[in-house]
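A.B. asks: Okay, here's the structure, questions in a sec.
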Amino acid sequence: MSIFDLVRAEYTLAYAEIMRRKSELVLILLYPYLFTGFVLLLGYSAGSLEIFETRIGVNPAIFMATASFTVMSLMIGIDDMLWRPLWDMWIGTLPYLIASPVNKFRLFVIMPLPRATLIVLLGFTSLLPLYTLQYGISGLNLVLLVTVLVVIGVFTMVPLGVLLAGL
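Using the numbering used here, the first residue of the sequence shown is number 1, and each one after it goes up by one.
Structure follows, in structure tokens:
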């Protein structure tokens, strides 16, 4: 099986699962806003925007949305590698995967690719409106930079995910 076939199979599996469970897609898209709203509501009860901006140096809405995007992206990227072998074991397909001629290292490296494109979508839907409102057109460059850095961070965590999945 070529790498292209393996990538196509992973994309088909990941996006078929997401389209089957549309609530997961909605929650992935809404999570940064929900997290930011909850933390800001909690923060307003303890202080003000000005105090946060003087201590941290950035708007709290931008900070919390970026932080929640980063956390959600890492969870999406690593979760697939950690739980996929267990999921295959529970549904009974793990013996077939082990017996298949697919290189297991390639499989585990390719697993986060569909989720990485989902991370890019998540970055543009959650960060782009906030950054554009705060920074104008230069916010687009900042969103691209943050999204690229988070995707690099997710792929940096791939070896850790493969190691933990192998335990």
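Each residue gets a CB set at the ideal place from its N, CA and C atoms; glycine is no exception.
Can you give the Cα-Cα distance for Thr125 and Leu29, rounded to whole angstroms?
C.D. replies: Looking at the two C-alpha atoms, the distance is approximately 7 Å.
A.B. asks: Please identify the residue among Ile3, Arg21, Leu121 whose C-alpha is closest to the C-alpha of Phe69.
C.D. replies: Taking only the C-alpha atoms, the option nearest Phe69 is Leu121.
A.B. asks: Going by C-alpha distance, which of Tyr31, Met19, Ser2, Tyr135 is nearest Met64?
C.D. replies: When only C-alpha atoms are compared, the closest one is Tyr31.
A.B. asks: So, with DSSP's three-state summary, where would you put Pro95?
C.D. replies: Pro95 falls in the helix class under three-state DSSP.
A.B. asks: State yes or no: is the C-beta of Arg115 within less than 8 Å of the C-beta of Ala16?
C.D. replies: Contact flag unset, no.
A.B. asks: Quick one: is Met111 buried, meaning 16 or more other Cβ sit within 10 Å of its Cβ, or exposed?
C.D. replies: Classification for Met111: buried.
A.B. asks: Considering Cα atoms alone, identify which of Thr12, Ile62, Leu25 is closest to Tyr135.
C.D. replies: Residue Ile62 is the option with its Cα nearest to Tyr135.
A.B. asks: DSSP state of Asn103, grouped into three classes?
C.D. replies: Looking at Asn103 - three-state DSSP - the assignment turns out to be coil, as it is neither helix nor strand.
A.B. asks: Alpha carbon to alpha carbon, how far is Met19 from Thr12?
C.D. replies: One C-alpha to the other measures close to 10 Å.
A.B. asks: Hey, Leu164 and Leu107: beta-carbon distance below 8 Å or not?
C.D. replies: Going by C-beta atoms, Leu164 is not nearer than 8 Å to Leu107.
A.B. asks: Give me the Cβ distance between Glu10 and Leu113, rounded to the nearest whole Å; I'm assuming they're in contact under 8 Å.
C.D. replies: So it is a contact: roughly 6 Å between Cβ atoms.
A.B. asks: Is it right to say Phe52 is buried, meaning 16 or more other beta carbons lie within 10 angstroms of its own, or is it exposed?
C.D. replies: Burial call: buried.
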